[in-house]
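What follows is a short report on a single structure.
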Amino acid sequence: MRISTQQQYLRSIDQMQNKQSEIANLQNQISTGKRLLRPSDDPVAAAQVVKLERELAQYEKFDYNINVTQRRLELEDSILDDINTATDRMRELTIQAGGVTLNDQDRLSISKELTQLTQYVAGLMNTQDSEGEYLFAGSKGTTKPYEALANGRYQYNGDDGQRSIQVGAELYVPSNDSGKYLFDAVDDRLKIELTGQAVYDAELAASEPFIRVAEFQTLAAETQFSEATQGLGDITLTVTGTAPAFQYSVVDSGGNPVKDTDGNDITNVPAGDLSTTPLEVNLLGMSFELHEPADMTANSITINVAAEKKTLLDVAADLAEVLANPVKSNADRGALSEAIATGLEQFSQAADRNVEARATLGSRLKTLESISSSNLDFELFTKKALSTLEDANMAEVISKFKLEEATLQAAQATFGRVSQLSLFNYLR
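Quick look at the structure:
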């Protein structure tokens with residue numbers, strides 16, 4: 001085959017340029033430590049690298065969320081610990097206030113300390129995190145949760161929501177608890193609500209239903225009713241008969257007769273002539289007047305009894321108000337004793353909710369530690385896979401660089417010799 005001088009030159013130059021390009025590429029790999037410098041180097045690997053980098057960015061976001069959530073939960077736990085300490089002091093003061101040797105001035109001093117503790121706890125409940133959001137406002141982070149009213153009580157302005165933060169591919173962890181759950185957890189006095197057609201008709205006629213003045217006269221009566229009706233649901237009282245011999249019966253939410261304190265069914269109990277004389281009834285601690293139904297076709301009333309919820313702040317404020325009043329009579333001392341007993345029970349309920357909430361916080365923090373460890377493992381696996389795809393094997397690259405360098409030097413030396421091989425140089 002005939003090879004011209006021009007062809008020989010062009011081929012030699014082309015080969016040397018290819019070697020120089022390869023050496024430049026290897027030099028870039030050595031300086032950067034990366035095998036994959038451009039997508040065109042390995043399109044399949046480049047696509048996998050993009051996917052793995054996206055996963056790493058996601059894990060970095062999860063780590064940030066975990067750190068933020070941990071800080072919020074640890075701050076909440078610290079605040080709850082302080083509130084628990086204050087609640088214990090409130091209970092100590094309440095027990096102290098029940099001492100028979102105390103006079104009005106002593107109780108006034110206790111009242112003032114309770115007021116100071118209330119204000120201190122209110123400040124804790126309005127704590128803001130590092131980003132300026134209120135910790136216990138539920139999902140309304142920019143709203144101050146507890147607002148002091150003119151009567152010394154407090155109004156909750158947040159909601160009962162929680163903000164959950166994603167800390168894993170399929171895992172969300174609540175980063176806060178609402179004040180409604182944490183602090184509005186104290187049972188207040190039982191509230192009686194009457195419902196049914198007879199109540200509706202009475203409201204339309206601007207009159208009263210046939211059950212009137214329903215109340216619990218003492219705390220003991222409330223306790224008696226709660227224990228006797230536990231698990232029964234709403235109870236329904238029905239009046240039957242005609243004047244002068246009416247009867248009444250009481251059933252639970254399942255239609256079963258309710259039993260009295262002696263264990264007898266409250267069924268067809270004589271009520272006398274309700275058309276002329278209302279009957280004073282004591283139903284398992286609840287007292288009320290029973291009148292003749294205005295319409296015997298609407299002769300049933302359902303009685304719903306539930307405890308209203310009260311905040312820890314109002315419990316302390318109510319007790320402080322009672323202790324500030326002088327005791328001048330046996331009635332005053334009875335009211336004081338009942339207020340102290342109620343306060344002790346309500347402070348205990350607040351403390352129980354505090355312990356419950358902190359246990360939940362502990363489980364969340366433990367979950368965050370576990371998911372953080374798992375995310376770290378996933379990050380390491382992802383980085384290892386990414387390194388396999390894009391990092392250069394330095395020993396291999398340097399060896400190859402040395403080989404290509406030697407090859408280029410040989411090609412250049414050969415080109416210098418071959419370029420001298422021409423007929424004119426031979427004739428000369």
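With full-length UniProt numbering, the residue at position 263 of the sequence shown is 263, and numbering never jumps.
For glycine and all other residues, C-beta sits at the position ideal for the given N, C-alpha and C.
Just so we're clear, the structure is a prediction, and the values are computed from it rather than from any experiment.
When DSSP builds the beta bridges, which residues end up paired with residue i?
{"i": "Gln155", "result": "Glu147"}
{"i": "Ala169", "result": "Answer is none; Ala169 lacks a bridge partner."}
{"i": "Ala306", "result": "Lys191"}
{"i": "Gly272", "result": "Phe246"}
Could you have a look at residue i and say whether DSSP puts it in helix, strand or coil?
{"i": "Val100", "result": "coil"}
{"i": "Ile235", "result": "strand"}
{"i": "Asn65", "result": "helix"}
{"i": "Gln230", "result": "coil"}
{"i": "Gln247", "result": "strand"}
{"i": "Gly138", "result": "coil"}
{"i": "Gln224", "result": "helix"}
{"i": "Ser348", "result": "helix"}
{"i": "Gly362", "result": "helix"}
{"i": "Asp106", "result": "helix"}
So, at 7 Å on beta carbons, what are the nonlocal neighbours of residue i in its own chain, with the 5 sequence-adjacent residues on each side left out?
{"i": "Thr342", "result": "Leu219"}
{"i": "Pro145", "result": "Met125, Asn126, Tyr134, Phe136, Ala137, Tyr156, Asn157, Gly158, Gly179"}
{"i": "Gln197", "result": "Ala298"}
Between the alpha carbons of residue i and residue j, how many angstroms are there, rounded?
{"i": "Asn103", "j": "Thr115", "result": "19 Å"}
{"i": "Glu292", "j": "Ser178", "result": "47 Å"}
{"i": "Ala221", "j": "Lys61", "result": "56 Å"}
{"i": "Thr223", "j": "Leu232", "result": "15 Å"}
{"i": "Lys140", "j": "Ala335", "result": "39 Å"}
{"i": "Phe183", "j": "Arg153", "result": "14 Å"}
{"i": "Ser249", "j": "Asn268", "result": "5 Å"}
{"i": "Arg364", "j": "Val173", "result": "7 Å"}
{"i": "Ser175", "j": "Glu74", "result": "10 Å"}
{"i": "Ser253", "j": "Asp262", "result": "21 Å"}
{"i": "Asp314", "j": "Asp265", "result": "40 Å"}
{"i": "Thr242", "j": "Asp260", "result": "24 Å"}
{"i": "Pro278", "j": "Pro244", "result": "12 Å"}
{"i": "Thr229", "j": "Thr276", "result": "31 Å"}
{"i": "Arg333", "j": "Asn84", "result": "29 Å"}
{"i": "Glu170", "j": "Leu56", "result": "16 Å"}
Using a Cβ-Cβ cut-off of 8 Å (strictly less than) and excluding sequence neighbours within five positions of residue i, which residues of its own chain qualify?
{"i": "Val251", "result": "Ile235, Thr236, Thr238, Pro257, Val258"}
{"i": "Ile66", "result": "Val167, Leu368, Ile371, Ser372, Asn375"}
{"i": "Asp129", "result": "Arg71, Arg72, Leu75, Leu135"}
CB-CB under 6 Å to residue i, same chain, minus the five flanking residues each way: which ones, in chain order?
{"i": "Ala320", "result": "Ser111, Leu114, Thr115"}
{"i": "Asn304", "result": "Glu193, Asp234"}
{"i": "Thr302", "result": "Thr195, Gly196, Asp234, Thr236"}
{"i": "Ala324", "result": "Leu108, Ser111"}
{"i": "Thr240", "result": "Gln247"}
Below 7 Å, is the gap between the Cβ of residue i and the nearest heavy atom of the ligand ZN?
{"i": "Pro270", "result": "The ligand ZN is absent from the structure shown, which contains no ligands of any kind."}
Do we get a CB-CB distance below 8 Å when we pair residue i with the residues of chain D?
{"i": "Ser373", "result": "Of the chains in the structure shown, none is chain D; there is only one protein chain."}
Segment contact, 8 Å Cβ cut-off, at least three pairs: the region 285-300 with the region 208-222: By the Cβ criterion, the region 285-300 is in contact with the region 208-222, since at least three pairs of Cβ atoms, one from each stretch, lie closer than 8 Å.
Between the region 305-317 and the region 179-187, can you find at least three pairs of beta-carbon atoms closer than 8 Å? The region 179-187, when compared against the region 305-317, does touch it at the 8 Å Cβ threshold.
Does the region 265-276 come into contact with the region 153-167, if we say contact requires no fewer than three beta-carbon pairs (one atom in each stretch) closer than 8 Å? By the Cβ test, the region 265-276 is not in contact with the region 153-167, since fewer than three Cβ pairs between them sit closer than 8 Å.
Touching or not, the region 341-357 and the region 82-94, by the rule of three or more beta carbon pairs under 8 Å? A contact exists between the region 341-357 and the region 82-94.
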